[in-house]
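The following block contains the structure:
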């Protein structure tokens with residue numbers, strides 16, 4: 001006689017399509033009612049901005065969404081920011097590169113805002129950190145290469 005063990009109920013996913021409102025050419029508001037900041041992810045890769053969210057509903061049901069937007073060619077990818085605003089709005093800013101390589105001035109903050117908004121970690125600071133590390137790694141490779149060449153040339157001189 002076989003015993004029956006309770007099986008975990010399969011998760012049921014309900015796909016959700018967030019409304020995206022462009023409030024200016026560089027700023028998009030994602031309306032994500034019911035989602036918390038920690039239930040969303042923002043990624044920048046391969047010329048695309050991907051926003052994902054997943055939150056539990058009742059029982060084994062999960063609400064989820066994935067939205068991809070192309071990143072404009074004139075966008076400064078290292079300065080993309082995402083902020084979770086009151087009212088279930090995820091605001092993403094895709095600033096343009098300025099003509100002279102410097103970032104254009106940001107508009108003044110809205111009146112009546114007393115505390116800073118929460119910012120999701122996106123590619124901006126990560127990109128700068130990667131550039132610093134890339135430079136350090138290149139330096140180490142040059143030094144190691146010089147040591148190896150010196151060692152090999154010494155060994156060749158001994159062999160001759």
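Residue numbers (full-length UniProt numbering): 1 to 160.
Cβ atoms here follow ideal geometry from the backbone N, Cα and C, with glycine treated the same way.
Here DSSP, grouped into helix, strand and coil, assigns residue 90 to strand. Between residue 17 and residue 142, the alpha-carbon positions lie close to 50 Å from each other. Judged by DSSP secondary structure, residue 24 falls within the beta strand (DSSP E) whose first and last residues are 19 to 24. Of the residues 154, 157, 95, the one whose Cα lies closest to the Cα of residue 24 is 95. The beta carbon of residue 88 lies closer than 8 Å to those of 31, 32, 33, 34, 35 in the same chain, with the five residues before and after it left out.
Here residue 29 is bridged, per DSSP, to 21, 91. Rounded to the nearest angstrom, the gap between the Cα atoms of residue 59 and residue 98 is 50 Å. Counting along the chain, the unbroken beta strand (DSSP E) around residue 82 starts and ends at 81 to 85. Per DSSP, the continuous beta strand (DSSP E) segment holding residue 49 begins and ends at 48 to 56. Around the beta carbon of residue 81, 16 or more other beta carbons lie within 10 angstroms, which makes this residue buried. Of all alpha-carbon atoms in 73, 21, 27, 63, the one lying nearest the alpha-carbon of residue 48 is that of 73. Nearest neighbour of residue 67 by Cα position, chosen from 78, 149, 42, turns out to be 42.
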